[in-house]
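**Student:**
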Ligand code: UP6
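This is the structure:
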């Protein structure tokens, strides 16, 4: 087990975002992040209403929502505050620092409503850290951290090329005040401060027809030692989403806390 007990991690971490995440995990007994990839505001909000009590985080792709509006983000932030979950915008920033900043403040005003966003490592340290630090340190914005993409779940992903993942970890280690963790398949850092979030999780299917690769929760949490599972269509394409939410939450939480002496 590469993981430090949760309670210890919560008290050790210097990141306010990770302190909050670890505290929500413990109180809600959930290391489940739901990826809601619906295309209308109504569908997304209805699912948030159902999922709120069971999840640690709600992940969205704002640019996939055809009627995205400021009213939507107001409702989403209110629900997040009421139901105690993290708002995760999966923007996967991957450009020059200047453009990343423009997009962060652009039409969707991501910095104002998202707690955490994803950022590719491909553009290198100088286009990442300084830019996001400025926004994260400004109390005018909700944004509190970034997740660096160390490994993608997709078939043939170039993140498996020699040295890529290691370089992403290096950027994270050099910028712990900004980087709250990783998007990865296998745990990439033993550092208790950095959370390892993993997509590509589905208990009933192995792949879609567009490059996605899924594996089960035990593989993701026990064997590959991740902290948080990101589940999308396993829940959102089901005719019984609440049942699936309960199922994923329970299995993922048991897998995470099985050998954790600080949780019983
Ligand atoms: N995602 C992945 N793999 C990655 C990074 N991100 O699947 O390496 C995101 C997708 C989607 C969610 O953009 O929103 O995680 C997975 O959903 P799914 O379970 O329905 O495939």
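Numbering (full-length UniProt numbering), first residue to last: 235 to 498. We put the beta carbon where it would ideally sit given N, CA and C, even for glycine. This structure is a prediction, so every number in the text was calculated from the model and none was measured.
Decide yes or no for the touch test of the segment 368-378 against the segment 333-347: beta carbon pairs closer than 8 Å, at least 3 of them.
**Tutor:** Yes, the segment 368-378 touches the segment 333-347.
**Student:** Alpha carbon to alpha carbon, what distance is there between residue 411 and residue 351?
**Tutor:** Approximately 14 Å, taken between the alpha carbons.
**Student:** Within 10 Å of its beta-carbon, does residue 390 have 16 or more other beta-carbons around it, so buried, or fewer, so exposed?
**Tutor:** By the neighbour-count rule (16 or more Cβ atoms within 10 Å), residue 390 is not buried but exposed.
**Student:** Within the same chain, show all residues whose beta-carbon is closer than 6 Å to that of residue 495, passing over the 5 residues directly before and after it, in chain order.
**Tutor:** Cβ within range, chain order: 239.
**Student:** Along the beta strand (DSSP E) that carries residue 316, what are the first and last residues, could you check?
**Tutor:** From DSSP, residue 316 is part of no beta strand (DSSP E) but of the alpha helix (DSSP H) over 304-317.
**Student:** In this structure, how does DSSP classify residue 449 when only helix, strand and coil are distinguished?
**Tutor:** DSSP places residue 449 in strand when its eight states are reduced to three.
**Student:** Does the segment 293-308 come close enough to the segment 473-490 that 3 or more CB-CB pairs lie under 8 Å?
**Tutor:** Short answer: they don't touch.
**Student:** Using CA atoms only, rank isn't needed, just tell me which of 386, 367, 387, 388 is closest to residue 380.
**Tutor:** It is 367 whose Cα lies nearest to the Cα of residue 380.
**Student:** When you compare each of 458, 428, 439 to residue 243 by their alpha carbons, which one comes out closest?
**Tutor:** Minimum Cα distance to residue 243 is reached at 428.
**Student:** Would you list, in sequence order, the uninterrupted alpha helix (DSSP H) runs of no fewer than 4 residues that lie entirely inside the segment 445-491?
**Tutor:** If we require 4 residues or more, the alpha helix (DSSP H) runs fully inside the segment 445-491 come out as 467-470, 475-491.
**Student:** For residue 325, report the span of its alpha helix (DSSP H) as first-last.
**Tutor:** Residue 325 -> not in any alpha helix (DSSP H); beta strand (DSSP E) instead, spanning 320-327.
**Student:** Near residue 307, which residues of its chain fall below 6 Å by C-beta distance, leaving aside the five closest residues on each side in sequence?
**Tutor:** Same-chain partners within the cutoff: 347.
**Student:** Is residue 387 a contact residue of ligand 1, with contact defined as CB to any heavy atom under 7 Å?
**Tutor:** For ligand 1, at least one heavy atom lies less than 7 Å from the Cβ of residue 387.
**Student:** Using 7 Å as the cut-off, classify the Cβ of residue 436 as near or not near the heavy atoms of ligand 1, replying yes or no.
**Tutor:** It does: the Cβ of residue 436 is within 7 Å (strictly closer) of some heavy atom of ligand 1.
**Student:** Does the Cβ of residue 454 lie closer than 7 Å to at least one heavy atom of ligand 1?
**Tutor:** For ligand 1, not one heavy atom lies less than 7 Å from the Cβ of residue 454.
**Student:** Using only alpha-carbon positions, find the residue among 407, 281, 416, 303 that is nearest to residue 269.
**Tutor:** Comparing Cα positions, the closest option is 281.
**Student:** What residue range does the alpha helix (DSSP H) around residue 353 cover?
**Tutor:** Careful: residue 353 lies outside any alpha helix (DSSP H), inside the beta strand (DSSP E) at 350-354.
**Student:** In its own chain, which residues sit with a C-beta less than 7 Å from the C-beta of residue 356, not counting the 5 before and 5 after it?
**Tutor:** The residues are 328.
**Student:** Measuring only the C-alpha atoms, how far is residue 301 from residue 274?
**Tutor:** Taking the straight line from one Cα to the other gives about 6 Å.
**Student:** Which value, in whole angstroms, describes the spacing of the CA atoms of residue 441 and residue 448?
**Tutor:** Approximately 6 Å between the Cα atoms of the pair.
**Student:** May I ask which residues mark the beginning and end of the alpha helix (DSSP H) holding residue 366?
**Tutor:** Start and end: 363-370.
**Student:** For residue 420, decide whether its Cβ has a neighbour in chain B, counting only Cβ atoms nearer than 8 Å.
**Tutor:** Within the model displayed, chain B is absent; a lone protein chain is all it includes.
**Student:** Let's test the definition: count the other Cβ atoms within 10 Å of the Cβ of residue 360 and tell me whether it reaches 16, buried, or not, exposed.
**Tutor:** Under this definition residue 360 is an exposed residue.
**Student:** Among all the DSSP beta bridges, which residues are the ones paired with residue 502?
**Tutor:** Nothing in the structure corresponds to residue 502, since the chain is present only between 235 and 498.
**Student:** List the DSSP bridge partners of residue 382.
**Tutor:** DSSP output for residue 382 lists 353, 416 as bridge partner(s).
**Student:** Within a Cβ cutoff of 7 Å, which residues of the same chain sit near residue 323, ignoring the five residues on either side of it in sequence?
**Tutor:** Cβ neighbours of residue 323 beyond the five flanking positions: 294, 296, 344, 348, 351.
**Student:** Which two residues bound the contiguous alpha helix (DSSP H) that contains residue 181?
**Tutor:** Since the displayed the chain opens at 235 and closes at 498, residue 181 lies outside it and no answer follows.
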